[in-house]
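Enquirer: Below are the structure tokens for one structure; questions will follow.
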Amino acid sequence: MILLISDLHLEEGRPDITRAFLDLLNGRARGAESLYILGDFFEAWIGDDAMSPFQRSICQALRILSDSGTRVFLMHGNRDFMIGHGFCKAAGCTLLKDPSVVNFNGEPVLLMHGDSLCTRDEAYMRMRRYLRHPLTLWVLRHLPLSTRHKLARKLRSESRAQTRMKANDIVDVTPEEVPRVMNESGVKTLIHGHTHRPAVHQVQLGGTTAQRIVLGDWDREGWLLQIDGSGFHLESFAFEA
Numbered sequence: 001m002i003l004l005i006s007d008l009h010l011e012e013g014r015p016d017i018t019r020a021f022l023d024l025l026n027g028r029a030r031g032a033e034s035l036y037i038l039g040d041f042f043e044a045w046i047g048d049d050a051m052s053p054f055q056r057s058i059c060q061a062l063r064i065l066s067d068s069g070t071r072v073f074l075m076h077g078n079r080d081f082m083i084g085h086g087f088c089k090a091a092g093c094t095l096l097k098d099p100s101v102v103n104f105n106g107e108p109v110l111l112m113h114g115d116s117l118c119t120r121d122e123a124y125m126r127m128r129r130y131l132r133h134p135l136t137l138w139v140l141r142h143l144p145l146s147t148r149h150k151l152a153r154k155l156r157s158e159s160r161a162q163t164r165m166k167a168n169d170i171v172d173v174t175p176e177e178v179p180r181v182m183n184e185s186g187v188k189t190l191i192h193g194h195t196h197r198p199a200v201h202q203v204q205l206g207g208t209t210a211q212r213i214v215l216g217d218w219d220r221e222g223w224l225l226q227i228d229g230s231g232f233h234l235e236s237f238a239f240e241a
């Protein structure tokens with residue numbers, strides 16, 4: 001059994017989400033072969049050297065799961081793209097490139113966070129290229145902590161404001177981009193998060209029907225994708241009171 005989750009946006013202000021995540025680690029994930037976290041695991045991340053006690057507790061929980069035998073894989077999202085190898089080493093997880101092709105049930109599957117599929121949002125794509133540039137990342141990691149905190153708050157505030165102003169189709173994936181990246185990677189299954197629109201979509205690749213599975217965000221409820229011998233199962237679950 002393999003589990004995939006995305007867009008938890010973990011932060012101290014949402015203890016209900018944190019409890020649900022820890023319940024997953026102590027329950028179903030403990031017996032899984034692997035757990036994949038496809039980005040936006042944290043609401044914000046300003047550097048491995050700036051971990052708060054809350055973030056350290058999450059790191060330790062992942063380490064316990066990893067030590068139990070479940071392999072843990074983590075992909076950057078647009079909120080936590082500064083997570084580095086220091087965190088992953090401490091958490092016992094492997095940092096995955098975005099995109100990555102993995103093998104599930106003998107089938108190549110493309111994993112992405114999903115933001116790079118939103119190519120119609122040209123302003124965001126320009127900002128993404130700038131922020132992910134190695135030189136920019138080096139500069140950001142060497143800024144004083146107080147400056148990084150201010151910059152993170154500013155970016156989050158601007159992101160929320162701009163998202164509210166943009167049309168729904170702009171902040172969703174570009175339909176033409178999906179078959180392009182799937183054909184380029186030679187896969188018939190794409191799994192991603194980011195858009196907060198959980199669903200299983202059929203995709204036409206020439207004369208072949210493929211699938212795009214969108215993981216849901218953890219806000220009013222939790223979402224996960226379970227892959228086992230019977231296939232791919234996207235499900236939601238309520239947070240415990």
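The numbering of the sequence shown is the UniProt record's numbering, which starts it at 1 and goes up by one. Even glycine gets a Cβ: it sits at the ideal position worked out from N, Cα and C. As the structure is a computational prediction, the values presented were derived from the model and not from experiment.
1. What do you reckon, are the CB atoms on Leu96 and Met82 nearer than 8 angstroms?
2. Tell me which same chain residues have a C-beta within less than 7 angstroms of the C-beta of Ala238, skipping the five on either side of it?
3. Whole-angstrom Cβ separation of Ile5 and Ile37, contact assumed at under 8 angstroms?
4. If you scan the region 47-123 from start to end, which runs of the alpha helix (DSSP H) of 4 or more residues do you find wholly inside it?
5. Is it true that the region 145-157 meets the region 42-56, where meeting means three or more beta-carbon pairs spaced less than 8 angstroms apart?
6. Between which two residues does the alpha helix (DSSP H) containing Val203 stretch?
7. Let's test the definition: count the other Cβ atoms within 10 Å of the Cβ of residue 260 and tell me whether it reaches 16, buried, or not, exposed.
8. Taking the alpha-carbon positions, what's the Arg212 to Phe73 distance?
9. Identify every residue that forms a DSSP beta bridge with Arg212.
10. Does the beta-carbon distance from Val178 to Leu190 come in below 8 angstroms?
11. Taking only the alpha-carbon atoms, compute the straight-line gap between Asp40 and Ser116 and give it to the nearest angstrom.
12. For the region 180-189 against the region 100-112, do three or more pairs of beta-carbon atoms, one drawn from each stretch, fall closer than 8 angstroms, so that the two count as touching?
13. Measuring only the C-alpha atoms, how far is Lys223 from Leu143?
14. If you draw a straight line from the C-alpha of Asp7 to the C-alpha of Phe232, how long is it?
15. Quickly, what does DSSP pair Tyr36 with across the bridge? List them, please.
16. If you draw a straight line from the C-alpha of Ala20 to the C-alpha of Gly27, how long is it?
17. So, for His194: in the same chain, excluding its five sequence neighbours on each side, which residues have a beta-carbon less than 6 angstroms away from its beta-carbon?
18. In whole angstroms, what is the alpha-carbon distance linking Ser236 and Arg56?
19. Considering just the uninterrupted stretch of the beta strand (DSSP E) at Leu234, what are its terminal residues?
Expert: Taking the definition as stated:
1. no
2. Glu221
3. 6 angstroms
4. 53-67, 85-91
5. yes
6. Counting along the chain, Val203 falls outside any alpha helix (DSSP H), though it belongs to the beta strand (DSSP E) covering 199-205.
7. Any question about residue 260 goes unanswered here, given that the chain covers just 1 to 241.
8. 20 angstroms
9. DSSP lists Leu190, His201 as the bridge partner or partners of Arg212.
10. It is a contact, given that the beta carbons lie within the stated cut-off.
11. 14 angstroms
12. yes
13. Per the sequence shown, the amino acid found at residue 223 is Trp instead of Lys. One C-alpha to the other measures close to 35 angstroms.
14. Cα to Cα, the separation comes out at about 19 angstroms.
15. In DSSP, Tyr36 forms a bridge with Leu4, Phe73.
16. 10 angstroms
17. Cβ within range, chain order: His113, Gly114, Asp115.
18. 27 angstroms
19. 231-237
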